[in-house]
Amino acid sequence: MSKIFITGATGYIGGDSLATLVPKYPDFSYSALVRSPQKGEQVKAQYPSIRIVIGDLDDSKLLEKESAAADIVLRESTSPPRVYPLLNDANLIRTDTADASDHVGAAKAIISGLVSGHSKEKPGYLLHTGGTGILTWRDSDSNEYGNKSEHVYNDWEGVDELLNLPDHAFHRNVDQLVLEAGAKYADVLKTALVCPPTIYGQGRGPVSQRGRQVYELANVTLRLKKGPIIGAGKSIWNNVHVQDLSDVYLLLVEAAISRRNDQGLWGADAYYLTENGEHYWGELAVATAEAAAKLGYIPEAKAEPIDLESAKKYAGFESLSWGMNSRGQARRARNILGWKPSRPSIEDELPAILQGEWQRLQKSS
1 MSKIFITGAT GYIGGDSLAT LVPKYPDFSY SALVRSPQKG EQVKAQYPSI RIVIGDLDDS
61 KLLEKESAAA DIVLRESTSP PRVYPLLNDA NLIRTDTADA SDHVGAAKAI ISGLVSGHSK
121 EKPGYLLHTG GTGILTWRDS DSNEYGNKSE HVYNDWEGVD ELLNLPDHAF HRNVDQLVLE
181 AGAKYADVLK TALVCPPTIY GQGRGPVSQR GRQVYELANV TLRLKKGPII GAGKSIWNNV
241 HVQDLSDVYL LLVEAAISRR NDQGLWGADA YYLTENGEHY WGELAVATAE AAAKLGYIPE
301 AKAEPIDLES AKKYAGFESL SWGMNSRGQA RRARNILGWK PSRPSIEDEL PAILQGEWQR
361 LQKSS
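At position 359 of the sequence shown the residue is numbered 359 (the UniProt record's numbering), and the sequence of numbers has no breaks.
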């Protein structure tokens, strides 16, 4: 029986990953890091057999202990990876999903635990979740928003570029820790760095079932009664349905329990972009307004430019991503894992996203 430790069971990504893993592998031993007993009860209500570990990412000793005991650590965020481009601060499978993308202390503790608790004969596996906010560094450096970039990253033939992004790129400090550990402890620790873009679709987890970027776009559209466009609206971002993303974690878990060791599956270059298409933020704003008008939520299908400061007042730093470029090709998961994303497109999901945001606004009014 495999032991899986997950730190983001209450989050959008982690919760949906559990909804994929548990039905297929109900006999696995699952442990979940949860910040409060109340949240723990919500997780237990959906997954009665799961073991709740009360704590947070600052508790290094607890993380190290749980990681050492797990076969797999799934390390994800309680929500989709955040995008703060203006800040530039610069197992089998262990699941750590609670704000994991940027928590250096937690990454070090998890890696330490996995290394100390495993051996060449029985390696530990770490599935770490980053985010494609890391690819926005050029826009952030130039302080330009809303313009199109022709630069497209590639996690297969072009993986060296991803492995050598600037140190000040968002998420880069923790990504480096994971990649370096995968190289340094290759016999004992098998790592995979999963890098999702804009995530959408109904989550199936016990607590958070909502994404961020496109959900905030829908929310602001309803509040302003028009779609918000940053700059020229020409910036481009990849996207993926949350359930297609969960399939990547499932496939990595299955590769781990099968003890697969294909070249490029784990380790220093195991960088997994997870896209299934891309969108222009300006076009998505227009499509969101059209869908909102068709549903009767706003009087007309209108989308107009909004300045950055006003956008931030409505949606915080998430709104900055609407003016930035994050483009890549997810070839590694397709080539090595046979990943075949198949869920509805982001445009097809807009009515459901808007309905959910409309209900949220009604409850808060």
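Virtual Cβ for every residue (Gly too), placed ideally from N, Cα, C.
Nearest candidate by alpha-carbon position, reference residue i, set the options
i	options	result
Gln176	His128, Val220 and Ile199	His128
Gly264	Pro206, Ala192 and Leu250	Ala192
residue 368	Tyr12, Ile306, Leu217 and Trp156	Given that the chain is displayed from residue 1 to residue 365, the structure contains no residue 368 and the question cannot be resolved.
Gln202	His241, Leu222, Val159 and Lys226	His241
Ser144	Ala330, Trp322 and Tyr153	Reading off the sequence, residue 144 comes out as Glu, not Ser. If we check each option's Cα against that of Glu144, Trp322 comes out closest.
Lys3	His151, Gly55, Lys122 and Val34	Lys122
Ile230	Asn239, Leu217 and Leu222	Leu217
Lys225	Lys294, Arg212 and Pro196	Lys294
Tyr297	Thr10, Leu361 and Gly130	Leu361
Ile13	Ala45, Asn261, Arg75 and Ser49	Arg75
Ala352	Gly227, Tyr200, Tyr280 and Gly113	Tyr200
Leu21	Tyr47, Ala287 and Ala68	Tyr47
Ala19	Ser342, Gly117 and Arg204	Arg204
Arg283	Gly233, Asn276, Ala292 and Pro299	According to the sequence provided, residue 283 is Glu. The question's Arg does not apply to it. Selected option, being the one with the closest Cα: Gly233.
Tyr153	Ala287, Ser142, Leu165 and Leu222	Leu165
Glu309	Leu320, Asp160 and Ala292	Leu320
Pro344	Gln359, Asn276, Ser142 and Gly182	Asn276
Val329	His151, Pro305, Glu347 and Ala186	As written in the sequence, residue 329 is Gln, which differs from the Val given in the question. It is His151.
Rounded straight-line distance, which links the Cα of residue j to that of residue i
i	j	result
Leu350	Phe170	28 Å
Ser326	Arg332	17 Å
Trp339	Leu354	29 Å
Pro206	Asp247	18 Å
Tyr314	Gly124	43 Å
Leu92	Arg172	In this predicted model, Leu92 has a pLDDT of only 40, less than 50, meaning its place in the structure is not dependable; the value taken from the coordinates is given anyway. Spanning the two alpha carbons is a distance of roughly 24 Å.
Glu278	Asp244	15 Å
Glu180	Lys65	21 Å
Pro81	Thr274	In this prediction, Pro81 scores a pLDDT of 40, lower than 50, which makes its location untrustworthy; the coordinate-derived value is nonetheless stated afterwards. Pro81 and Thr274: Cα-Cα distance of roughly 13 Å.
Pro30	Gly11	For the sequence presented, residue 30 should be read as Tyr rather than Pro. Rounded to the nearest angstrom, the two C-alpha atoms are 16 Å apart.
Lys24	Asp307	47 Å
Glu41	Gly55	14 Å
residue 375	Lys312	With the chain running from 1 to 365 in the structure shown, residue 375 is simply not present.
Ile50	Val34	11 Å
Gly316	Arg138	21 Å
residue 384	Val174	Residue 384 lies beyond the range of the chain shown here (1 to 365); nothing can be said about it.
Thr198	Tyr280	12 Å
Ala9	Leu252	18 Å
Ser67	Glu300	53 Å
Tyr271	Val188	19 Å
Leu163	Asp269	7 Å
Asp58	Ser208	21 Å
Glu161	Lys184	20 Å
Asn335	Gly146	33 Å
Glu304	Pro341	33 Å
Ser60	Glu254	28 Å
Gly158	Ile110	28 Å
Asp348	His168	36 Å
Ser149	Lys363	39 Å
Asn219	Pro196	22 Å
Val194	Ala186	18 Å
Ser119	Gly182	14 Å
Leu126	Thr7	12 Å
Ser142	Val43	43 Å
Lys302	Ser112	52 Å
Ala100	Leu62	Note that Ala100 scores 47 on pLDDT, short of 50, meaning its location in the model is unreliable; the coordinates nonetheless yield the value given after this. So the two alpha carbons sit approximately 15 Å from each other.
Supposed close pair residue i, residue j - CB separation, criterion 8 Å
i	j	result
Ala70	Ile52	Their Cβ separation, rounded to whole angstroms, is 15 Å, which puts Ala70 and Ile52 out of contact at 8 Å.
Tyr249	Ser17	5 Å
Phe5	Val104	About 19 Å separates the two Cβ atoms, so there is no contact after all.
Asn238	Thr132	6 Å
Ala285	Gly227	4 Å
Glu357	Leu222	6 Å
Gly130	Lys190	Not a contact, Cβ separation roughly 17 Å.
Gln213	Glu318	6 Å
Ala256	Val178	That belief does not hold up - the Cβ atoms of Ala256 and Val178 are roughly 15 Å apart, past 8 Å.
Assigned exposure category for residue i - 16 Cβ within 10 Å defines buried
i	result
Asp27	exposed
Gln38	exposed
Arg259	exposed
Ser235	buried
Gly15	buried
Ser140	buried
Ala45	exposed
Ser365	exposed
Minimum Cβ-Cβ distance from residue i to chain E less than 9 Å
i	result
Glu41	The chain labelled as chain E is not found in the depicted structure, where only one protein chain is given.
(request) Could you pull out every unbroken alpha helix (DSSP H) segment of at least 4 residues lying fully inside the region 90-167, listed in chain order? (result) 104-116, 137-142 and 159-163
(request) Could you name each continuous beta strand (DSSP E) segment of 3 residues or more that falls completely within the region 160-205, going from the start of the chain to the end? (result) 189-195 and 198-200
(message) Please give me, in chain order, every unbroken run of the beta strand (DSSP E) with length at least 3 that falls completely inside the region 276-344.
(response) 278-280 and 303-305
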